[in-house]
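Participant:
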Amino acid sequence: MSLEKNVLTLVNYSMVFFGVTLLIIGTILSEASTAITILADATFAPSFIVGILCLVTSFNTLLSAVVGLAGSVKGIKLCVLMFLLMMVFNGLMQGATIYFTFRHTAQLDITVTQGLLEALYQYAPNHTSINEQFVTTWDDTQKREECCGVNSPFDWNESGSFRYFTYPDSCCKNMTLGCGFAIKPQVHGSGCKDAIITNTYITLILAGVVAFVLFVPETLGILSARHVLQTLRRKAKFARI
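Here this note's numbering is used: the first residue of the sequence shown is 3, the next is one more, and so on.
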């Protein structure tokens, strides 16, 4: 049984790595989803579900690593059985993660872009908007990414709040109070869509890849745990004789 125990122990150590990786990915997606939800005025961003699935899978993976190590190192039959059940649950979560990952990556550009454009009207000049969080998030995004609007600065001219080539001050290359309302304001020429979407897109793909690769150590873990469990049962049976 030593080979199976060693394989199971090695698998559980790899589970720690995958668990931490999914925890990081889930956290990044949750934070990105919050910004997209605010900017697109949506109930939740497409990436939110994947972020939650990653977090749930990461916690279960880390817990299964602890339980699995107790089963392989200490030879505790209940822990080995719990490990097997947790691997089945993990497999379901990973399957859902992969499904929603590739479903949402296909829709991400269109869904988010449409949502961003439809919500621009909430940004009123001179911070008179009732949705201050929306205004602040847009300002932070445009200053940080050095961009303006969704596809281009002209999106603001069609939003209802800005007319005749006026823009939020955060669009200005050299931001000063009222610079967006100056004659021929010097604003960033590119839209913010790519900056908002790209990082989320890459993280979504990474989530799907990690969830898929995790099936490899899980399969090894299930096979080795099954052998360990059978051996422990045989030992317990002989001990009673």
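We put the CB at the ideal spot given by N, CA and C, even for glycine.
Pick out the complete beta strand (DSSP E) segments inside the segment 97–132, 3 residues or longer, and give them in chain order.
Facilitator: Counting only runs of 3 or more, we get nothing.
Participant: I think Leu216 touches Val9, with their Cβ atoms under 8 Å apart; what is that distance to the nearest whole Å?
Facilitator: Actually they are not in contact, since the Cβ atoms of Leu216 and Val9 sit about 16 Å apart, beyond 8 Å.
Participant: Find the nearest neighbour of Asn14 within the set Leu225, Ala98, Asp157, Thr233, judged by alpha-carbon distance.
Facilitator: Considering only alpha carbons, the answer is Leu225.
Participant: So, using beta-carbon positions, are Gly28 and Gly53 closer together than 8 Å?
Facilitator: Going by C-beta atoms, Gly28 is nearer than 8 Å to Gly53.
Participant: Can you find the residues in the same chain that come closer than 7 Å, C-beta to C-beta, to Gly21, ignoring five residues on each side of it along the sequence?
Facilitator: Ser60, Thr63, Leu64, Ala67, listed in sequence order.
Participant: Sort Lys7, Gly70, Ser49, Ala42 by Cα distance to Met17 and report the nearest one.
Facilitator: Closest by alpha carbon: Gly70.
Participant: Just the C-alpha distance for Lys186 and Asp196, rounded to the nearest angstrom, thanks.
Facilitator: Taking the straight line joining both Cα atoms gives about 25 Å.
Participant: Looking only at DSSP bridge pairs, what is Val189 linked to?
Facilitator: Cys174.
Participant: What is the DSSP secondary structure of Phe167, counted as helix, strand or coil?
Facilitator: Here Phe167 sits in coil by DSSP.
Participant: Report yes if the C-beta distance between Phe136 and Ile40 is below 8 Å; otherwise report no.
Facilitator: Taking 8 Å as the Cβ cut-off, Phe136 and Ile40 qualify as a contacting pair.
Participant: Does DSSP put Glu148 in a helix, in a strand, or in coil?
Facilitator: Three-state DSSP puts Glu148 in coil, outside helix and strand.
Participant: DSSP three-state call for Cys194: helix, strand or coil?
Facilitator: Three-state DSSP puts Cys194 in coil, outside helix and strand.
Participant: Kindly list the residues whose CB is nearer than 7 Å to the CB of Lys7, restricted to its own chain and excluding five residues on each side of it in sequence; keep chain order.
Facilitator: Only Ser74, Val230 meet the Cβ criterion.
Participant: Just the Cα atoms here: how many angstroms apart are Asn153 and Ile112?
Facilitator: Distance between the alpha carbons of Asn153 and Ile112: 12 Å.
Participant: Give a yes or no on contact between the segment 100–108 and the segment 200–210, applying the rule of three or more CB pairs nearer than 8 Å.
Facilitator: Touching, yes, given that three or more Cβ pairs across the two stretches are closer than 8 Å.
Participant: Can you check which of these residues, Lys79, Val58, Met84, Leu25, is closest to Leu234 by C-alpha distance?
Facilitator: Minimum Cα distance to Leu234 is reached at Lys79.
Participant: Thinking Tyr125 and Ser161 are a contact (beta carbons under 8 Å), I'd like their distance in whole angstroms, please.
Facilitator: Indeed they touch by this definition, with Cβ atoms about 7 Å apart.
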